[in-house]
Amino acid sequence: MIHSVLIFRTSQECSFITPPSLLEDLDDIKVIYRHYATLYFVFIVDDQESELGILDLIQVFVECLDKCFTNVCELDLVFGWQVLQTVLEEIVQGGMVIDTNISRIVAAVDDANSQKNGGMASSASGISSSILSSFSRDRGFWGR
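Numbered per full-length UniProt numbering, the sequence shown spans residues 1 to 144.
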């Protein structure tokens with residue numbers, strides 16, 4: 001439902017929208033989004049949150065994903081959802097923003113990837129998506 005509202009918005013319109021009818025019964029929420037190339041990042045937050053703070057949070061989130069995947073795209077997010085989740089967990093924990101330093105966040109994700117990489121040596125389950133994302137960053141995988 002939110003997607004159907006967002007796709008018709010122009011780049012000149014603001015990044016805050018009125019919650020669609022599906023969410024109308026929730027009086028105390030805001031829908032805040034950013035559009036990057038073909039990706040939409042949408043946060044639904046309560047009315048106590050700062051709109052500009054959430055826009056900054058989305059910017060940090062996207063920059064971290066961009067460093068982890070080297071020009072993040074839809075395929076990266078679909079097949080590397082574990083990395084996406086790890087990045088978000090490094091930024092937000094327990095509903096609180098705990099870190100916005102992009103270098104530290106990417107280093108923590110790389111550390112998590114290297115720990116999984118070490119554990120995968122004895123596993124017969126194959127290559128995880130997080131290892132693939134590290135591989136893609138280092139070698140320009142996915143045709144980049």
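Using N, Cα and C, we set each Cβ at its ideal position, and we do this for glycine too. Since the model is a prediction, treat every value here as computed from it, not as a measurement.
Assuming residue i is part of the alpha helix (DSSP H), what are its boundary residues?
i	result
F8	Element bounds for F8: n/a, residue is neither H nor E.
D27	Note, D27: premise wrong, no alpha helix (DSSP H); not H, not E.
C64	51–69
Can you grab the Cα-Cα spacing for the pair residue i / residue j, in whole Å?
i	j	result
V87	I7	26 Å
I32	D56	11 Å
T10	T38	13 Å
S123	Q59	Low per-residue confidence applies at S123: pLDDT is 41, beneath 50, and the placement is therefore not dependable, though the value from the model is reported in the following sentence. Each residue's alpha carbon lies about 36 Å from the other.
D95	S103	In the sequence under discussion, the amino acid at residue 95 is Gly, which differs from the Asp named in the question. So the two alpha carbons sit approximately 21 Å from each other.
Considering only their Cβ atoms, is the gap separating residue j from residue i smaller than 7 Å?
i	j	result
V62	Y40	no
V109	C68	yes
F79	E51	no
Would you give the residue range spanned by the beta strand (DSSP E) that residue i belongs to?
i	result
I44	39–46
Please name the residue in the options whose C-alpha comes closest to that of residue i.
i	options	result
L84	S114, G95, I105	I105
P19	G94, L77, Q12, I44	I44
K30	C14, G95, E49, E13	E49
D27	D47, Q12, C14, R34	D47
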